[in-house]
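Structure, as structure tokens:
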Amino acid sequence: MATATLGELATLVGGRVIGDPDLQVRRLASLDEAAEGDITFVSHKRYLAKLSQVRASAVILSHPVEGLAIAQVICANPYLAFAKVLTHLQVRRPEPQGIMAGARVAASAVIGEGVTVHPGCVVGERVSIGRGTILYPGVVLYEGVTVGEDCTLHANVVVREDCRIGNRVIIQPSAIIGSDGFGYAPDGSSYFKIPQVGIVVLEDDVEIGSATCVDRAALGVTRIKRGAKIDNLVQIGHNCVIGEDTVMVSQVGISGSTTVGRHCTFGGQSATAGHLKVGDNVTIGGRGGVTRDVEPNQVLSGLPVMPHKEWLKAQMCVPKLPEMRKEITSLRQKLEDLEKSLKER
Amino acid sequence: MATATLGELATLVGGRVIGDPDLQVRRLASLDEAAEGDITFVSHKRYLAKLSQVRASAVILSHPVEGLAIAQVICANPYLAFAKVLTHLQVRRPEPQGIMAGARVAASAVIGEGVTVHPGCVVGERVSIGRGTILYPGVVLYEGVTVGEDCTLHANVVVREDCRIGNRVIIQPSAIIGSDGFGYAPDGSSYFKIPQVGIVVLEDDVEIGSATCVDRAALGVTRIKRGAKIDNLVQIGHNCVIGEDTVMVSQVGISGSTTVGRHCTFGGQSATAGHLKVGDNVTIGGRGGVTRDVEPNQVLSGLPVMPHKEWLKAQMCVPKLPEMRKEITSLRQKLEDLEKSLKER
Amino acid sequence: MATATLGELATLVGGRVIGDPDLQVRRLASLDEAAEGDITFVSHKRYLAKLSQVRASAVILSHPVEGLAIAQVICANPYLAFAKVLTHLQVRRPEPQGIMAGARVAASAVIGEGVTVHPGCVVGERVSIGRGTILYPGVVLYEGVTVGEDCTLHANVVVREDCRIGNRVIIQPSAIIGSDGFGYAPDGSSYFKIPQVGIVVLEDDVEIGSATCVDRAALGVTRIKRGAKIDNLVQIGHNCVIGEDTVMVSQVGISGSTTVGRHCTFGGQSATAGHLKVGDNVTIGGRGGVTRDVEPNQVLSGLPVMPHKEWLKAQMCVPKLPEMRKEITSLRQKLEDLEKSLKER
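Residue numbers (UniProt numbering), protein chains in the order written: chain W, 1 to 345; chain X, 1 to 345; chain P, 1 to 345.
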């Protein structure tokens with residue numbers, strides 16, 4: 001925890017202060033929970049009404065509010081400013097501890113300055129860890145792994161042999177990087193395991209969620225590109241490529257050898273078949289299922305996916321299906337009756 | 001393992017004995033596998049026929065069966081009685097072992113009486129562990145965690161900083177409590193991580209399944225209330241509240257800031273969008289997808305969810321869709337033909 | 001890494017050489033990445049065109065290609081041959097290391113010859129480990145577990161008490177074998193935990209993916225039969241039986257007490273309800289949902305599942321639903337108009 005003046009925070013977020021720029025705040029809190037000495041934020045105008053009762057000492061806003069009793073920090077993007085101010089006030093990287101008692105680090109490993117390796121970690125032969133990186137307890141790095149600078153690998157993360165992790169990568173607890181891809185050659189009615197001799201590369205600024213699995217390539221590389229953010233319990237198959245700044249929500253499944261473009265968003269439990277290409281700036285709705293290549297710049301949902309708006313309309317019809325069937329039967333009957341009565345005339 | 005007399009077991013389950021109350025049994029077994037010396041149970045009348053061939057020495061029943069050669073324990077709820085008798089006969093909490101060699105416990109941690117901390121555990125600064133709690137090997141408690149009394153944390157469970165766990169909580173292996181919620185502020189085409197500075201609270205008598213993830217709140221608390229039972233591989237997003245005695249089957253996904261009422265049941269792979277409210281006593285069928293607030297006391301299925309019975313009927317129509325389309329085309333054709341022929345008359 | 005002559009590789013895969021059988025190759029690589037000294041393969045004729053530009057020294061083919069500049073290994077099944085050659089050239093089982101410093105092995109455990117137990121492993125009382133088996137760091141074997149010969153248990157795998165693992169079993173990192181099945185007896189509005197006192201048996205040649213959960217039986221056995229291959233993040237409920245050589249792709253969920261036949265294939269995110277029987281040689285498409293027993297030798301998709309071809313046709317109609325509804329309304333209107341005009345004649 002730290003304190004900051006409103007002036008300092010305005011500089012941090014590229015904004016300006018209405019009120020006393022020397023006012024100190026010590027905590028960012030939500031509109032409902034903020035108390036004196038706190039700064040809060042309004043990221044959507046529907047919450048502006050709450051400002052009349054707020055107990056905070058300052059508020060981050062996109063536009064000045066007249067007659068407000070508390071100080072204001074005005075900036076273009078209050079939600080981004082909230083994230084930056086929260087980071088500034090309340091996130092402290094722990095002091096480096098070096099290789100702590102109870103950690104096992106192979107003699108041939110190269111450990112940078114300011115690294116922390118907690119008890120219970122096992123670091124294999126020829127591993128390289130960049131400066132400032134933290135391994136929480138129980139992290140296992142197999143031989144030949146490289147981890148960049150200022151990374152955070154949370155407890156019980158496993159990185160298998162020869163995988164490469166960039167800088168500022170965050171891996172939540174128990175994620176698994178570089179387990180074998182799922183590949184077998186049919187051999188009569190049984191299966192012969194295809195060795196998975198490729199690797200995984202996580203580029204800079206990637207974040208990987210808890211218990212998420214990124215499988216190593218059969219041959220070559222499974223790659224998560226710069227800035228991609230992957231939530232918990234996601235499966236990324238072998239030889240996939242996930243583009244820069246792409247976001248995947250929990251429980252997504254990407255089958256092997258699929259390439260996803262940059263700046264895509266995959267909703268929870270959505271999935272793709274294997275060997276597909278998904279273009280840039282594609283949004284797949286929750287539980288969408290991609291079974292063919294997808295052109296860039298689309299919003300799709302359903303199984304198989306269709307334009308999201310079409311899907312919304314189609315899904316509204318599903319509860320009407322029994323009625324539709326009855327109606328068709330009734331129409332047929334009426335038509336037959338009519339034909340019959342005409343014949344009889 | 002232990003033995004008990006039928007009289008003792010009848011007292012345990014609030015029932016009565018038909019036969020010798022001093023008869024000793026040593027094991028509860030299924031109808032098919034029970035042998036002499038065992039007690040078995042019938043929880044549904046469709047299994048009563050099997051009683052003629054049972055080799056058990058006693059049986060738990062809801063109503064007396066005439067002419068049965070073996071002793072009977074009669075009680076209101078044989079299925080609950082089965083669980084209680086099985087617990088009584090075959091579940092022994094291991095003897096406390098204290099802090100075992102190979103465990104690492106911070107000096108500032110407060111460890112209750114009768115606690116067992118297995119080798120490979122790492123217990124951080126200012127952790128508190130209540131009496132009788134067991135940590136199996138590889139459990140990692142980050143700094144500031146509190147764990148109540150008589151809890152069982154299975155191997156490789158991770159609880160991140162400051163999270164709070166009640167009494168009699170059971171956490172299956174490799175579950176992750178308190179990993180970062182999935183929150184980013186768009187910053188141009190990239191994303192800026194929103195620090196997740198809240199916590200997770202698991203109240204008394206909660207059970208969490210293997211590899212299940214309960215994310216810490218961004219600000220505030222993600223709360224699993226008293227008695228909720230969460231199966232394996234479930235995702236609970238940041239700032240969710242899960243009500244008392246709510247049950248979630250494997251692979252469920254609850255998106256952030258959603259509040260689920262008490263005594264709900266979520267079937268396997270079902271999910272909710274974020275920022276929703278689900279009322280009390282709601283049942284969501286397997287793979288149901290909740291996209292709006294849900295009133296209490298309903299049984300819903302489908303994506304988006306609808307009343308379960310409607311969904312059953314609607315799903316039965318899906319295979320008929322191609323036929324329905326053809327029928328509509330044919331009806332249109334017939335109608336046009338009819339109109340044409342009428343004009344020509 | 002090793003080298004081999006084409007003659008040796010032809011013998012390995014049951015094929016024959018066109019070219020110099022004494023030619024040495026040192027690596028298997030894909031058509032695009034192969035360089036001099038490498039062997040490559042063509043498993044589908046659509047890739048034959050690439051052979052004109054390949055830089056490999058040899059290629060595995062199903063039929064001879066005339067006029068090819070490089071040596072050929074001709075065999076019946078090039079994809080299987082690829083797997084075998086890759087294994088031969090590039091997979092080396094690590095030298096046994098015994099019980100390494102930092103591993104904890106109970107005094108009563110029986111450890112075979114040539115076993116490796118890495119640092120951070122915890123092996124409980126009365127565990128038995130067959131010769132040649134490797135436990136990577138952080139593996140936890142509870143008391144009474146038996147592991148066969150030549151198994152590989154990757155980092156942070158947990159096997160709970162008394163479970164039995166056959167020979168040549170591979171378990172990817174952080175898989176959980178033998179956690180409690182999800183069983184509770186309703187007790188008023190709360191739940192009473194049903195002790196899960198059964199075990200899990202993984203038979204020979206099974207492979208289990210990362211973070212996959214195989215729950216122990218309530219009473220009796222959860223069994224994965226010989227040769228079954230289970231991908232990452234899969235849930236297998238208590239008392240299930242999975243047949244020989246059955247394949248389950250990532251994120252599949254099999255509910256409790258379901259029996260799946262041999263040589264089945266379950267696509268990603270597919271699932272079954274509990275207490276079902278699925279016959280042999282059944283294929284369930286991605287995200288298929290099985291809600292009733294399934295006869296052998298079928299290909300099914302959808303929720304609930306239907307024949308795959310029916311499902312494909314039905315799904316193509318879904319985006320047309322709004323149009324179909326409109327059409328029905330319009331037909332009804334036309335028919336009414338027609339009836340009316342006829343009455344008026």
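Using N, Cα and C, we set each Cβ at its ideal position, and we do this for glycine too.
The structure presented is a predicted model; accordingly, all values stated were derived computationally and were not measured.
Among M316(X), P307(X), E125(X), nearest to W311(P) - alpha-carbon criterion: By 1-based counting over the third sequence, the position of residue 311(P) is 311. Ranking the options by Cα distance to W311(P), first place goes to M316(X).
Whether V318(X) touches P307(X) by CB criterion (8 angstroms): On the second sequence, position 318 is the one that residue 318(X) refers to. On the second sequence, position 307 is the one that residue 307(X) refers to. Not closer than 8 angstroms, so no.
Simplified DSSP state of M306(W), which is helix, strand or coil: As a position in the first sequence, residue 306(W) is number 306, starting the count at 1. Reduced to three states, the DSSP call for M306(W) is strand.
Proximity to V13(X) [Cα-Cα], best of R93(X), I60(X), D293(X): Counting from 1 along the second sequence, the entry for residue 13(X) is found at position 13. Ranking the options by Cα distance to V13(X), first place goes to I60(X).
Within chain X, the residues that D293(P) reaches when beta carbons sit closer than 8 angstroms: Position 293 of the third sequence holds residue 293(P). Chain X residues near D293(P): none, gap ~16 angstroms exceeds 8 angstroms.
Beta carbon of G138(P) nearer than 8 angstroms to that of G138(W): What you label residue 138(P) is simply residue 138 of the third sequence in a count that begins at 1. What you label residue 138(W) is simply residue 138 of the first sequence in a count that begins at 1. In this structure, G138(W) lies closer than 8 angstroms to G138(P) by Cβ.
Straight-line gap, S270(X) to K340(W) (C-alpha atoms, nearest Å): By one-based count along the second sequence, residue 270(X) stands at place 270. By one-based count along the first sequence, residue 340(W) stands at place 340. So the two alpha carbons sit approximately 50 angstroms from each other.
Coil, strand or helix - S330(X) by DSSP: Locating residue 330(X) in the second sequence gives position 330, where the first residue counts as 1. Residue state, collapsed to three classes: helix.
Proximity test, Cβ basis, 8 angstroms: L338(P) and chain X: Counting from 1 along the third sequence, the entry for residue 338(P) is found at position 338. Chain X, which has a Cβ nearer than 8 angstroms to the Cβ of L338(P), makes this yes.
Whole-number beta carbon distance between G37(X) and R46(X), since they are thought to touch under 8 angstroms: Numbered from its first residue, the second sequence carries residue 46(X) at position 46. Numbered from its first residue, the second sequence carries residue 37(X) at position 37. Their Cβ separation, rounded to whole angstroms, is 26 angstroms, which puts R46(X) and G37(X) out of contact at 8 angstroms.
Sub-8 angstroms separation of V247(W) and T259(W) beta-carbons: As a first step, residue 247(W) is located in the first sequence; it is residue number 247 there, counting from the start. As a first step, residue 259(W) is located in the first sequence; it is residue number 259 there, counting from the start. No, the pair does not count as a contact, with Cβ atoms beyond the cut-off.
Within chain W, the residues that D180(X) reaches when beta carbons sit closer than 9 angstroms: Position 180 of the second sequence, counted from the start, is the residue given in the question as residue 180(X). Within chain W, the residues near D180(X) are H154, I170, Q172, E207, G209, S210.
Secondary structure of G178(X), DSSP reduced to three states: Position 178 of the second sequence, counting from 1, holds the residue named residue 178(X). It is a strand residue.
Where the alpha helix (DSSP H) containing V13(P) begins and where it ends: The sequence position of residue 13(P) within the third sequence is 13, counting from 1. 6-13 is the span of the alpha helix (DSSP H), which, as asked, contains V13(P).
T246(W) (DSSP reduced to helix, strand or coil): Reading the first sequence from its first residue, position 246 is the one you call residue 246(W). Coil at T246(W), not helix or strand.
Below-8 angstroms beta-carbon distance, Q333(P) vs any chain X residue: Taking the first residue of the third sequence as 1, we reach residue 333(P) at position 333. Closer than 8 angstroms: no.
8 angstroms Cβ cutoff, A101(W) in contact with chain P: Numbered from 1 along the first sequence, position 101 holds the residue referred to as residue 101(W). Chain P, which has no Cβ nearer than 8 angstroms to the Cβ of A101(W), makes this no.
Whole-angstrom C-beta distance between L331(P) and L331(W), which should lie under 8 angstroms: Taking the first residue of the first sequence as 1, we reach residue 331(W) at position 331. Taking the first residue of the third sequence as 1, we reach residue 331(P) at position 331. Sure, about 6 angstroms apart at Cβ, within 8 angstroms.
Interfacial residues, the stretch 42-59 of chain X to chain W, with Cβ spacing under 7 angstroms: none
Option nearest P195(P) by Cα separation, candidates A83(X), T272(X), S174(X): Your numbering for residue 195(P) matches position 195 in the third sequence. Among A83(X), T272(X), S174(X), the Cα nearest to that of P195(P) belongs to A83(X).
Min CB distance G286(P) to chain W below 8 angstroms: In the third sequence, residue 286(P) corresponds to position 286, counting from 1. So yes, G286(P) belongs to the interface.
For T265(X), the three-state DSSP class (helix, strand or coil): Taking the first residue of the second sequence as position 1, residue 265(X) is located at position 265. Strand at T265(X).
Beta-carbon spacing of A76(P), V17(P) below 8 angstroms: Position 76 of the third sequence, counting from 1, holds the residue named residue 76(P). Position 17 of the third sequence, counting from 1, holds the residue named residue 17(P). No.
Those runs of the beta strand (DSSP E) which lie wholly inside the stretch 136-189 of chain X and span at least 3 residues: 176-179, 184-187
C-beta neighbour in chain X for C163(P), strict 8 angstroms: On the third sequence, residue 163(P) is found 163 positions in, with the first residue counted as 1. False, the Cβ-Cβ gap to chain X never drops below 8 angstroms.
Stretch-stretch touch, CB-based, cutoff 8 angstroms, three pairs: the stretch 225-245 of chain W with the stretch 192-209 of chain W: yes
Pairwise C-alpha distance: Q90(X) and G181(P): Locating residue 181(P) in the third sequence gives position 181, where the first residue counts as 1. Locating residue 90(X) in the second sequence gives position 90, where the first residue counts as 1. So the two alpha carbons sit approximately 16 angstroms from each other.
Spatial neighbours of K277(W) in its chain, beta-carbon cut-off 6 angstroms, leaving aside the 5 residues before and after: Sequence index remark: in the first sequence, residue 277(W) carries index 277 (1-based). Cβ neighbours of K277(W) beyond the five flanking positions: T259, D293.
Within-8 angstroms CB hit, V197(P) to chain X: For this step, residue 197(P) is matched to residue 197 along the third sequence. Chain X contact via Cβ: present.
Proximal chain X residues relative to K229(W), where beta-carbon distance stays under 7 angstroms: As a first step, residue 229(W) must be located in the first sequence, where it is residue number 229. Chain X residues near K229(W): Y184, Y191.
Interface residues of chain X facing Q298(W) [CB-CB closer than 8 angstroms]: Translated into positions along the first sequence, residue 298(W) becomes position 298. Simply none; closest approach about 17 angstroms.
S174(X) beta carbon less than 8 angstroms from that of N232(W): To locate residue 232(W), count along the first sequence from 1; it is residue 232. To locate residue 174(X), count along the second sequence from 1; it is residue 174. Going by C-beta atoms, N232(W) is not nearer than 8 angstroms to S174(X).
Buried versus exposed call for D337(W) [16 or more other C-beta atoms within 10 Å across all chains shown]: For this step, residue 337(W) is matched to residue 337 along the first sequence. It is exposed - the Cβ of D337(W) has fewer than 16 other Cβ atoms within 10 Å.
Minimum Cβ-Cβ distance from I74(X) to chain W less than 8 angstroms: Position 74 of the second sequence, counted from the start, is the residue given in the question as residue 74(X). For I74(X), the answer is no, since every Cβ of chain W falls outside 8 angstroms of its Cβ.
Status (buried if at least 16 other CB within 10 Å, exposed otherwise) for E66(P): Sequence index remark: in the third sequence, residue 66(P) carries index 66 (1-based). When all chains shown are included, E66(P) counts as exposed.
Counted within 10 angstroms of its Cβ, other Cβ atoms place T133(W) as buried (16 or more) or exposed: Here residue 133(W) is taken as the residue at index 133 of the first sequence, counted from 1. T133(W) comes out buried.
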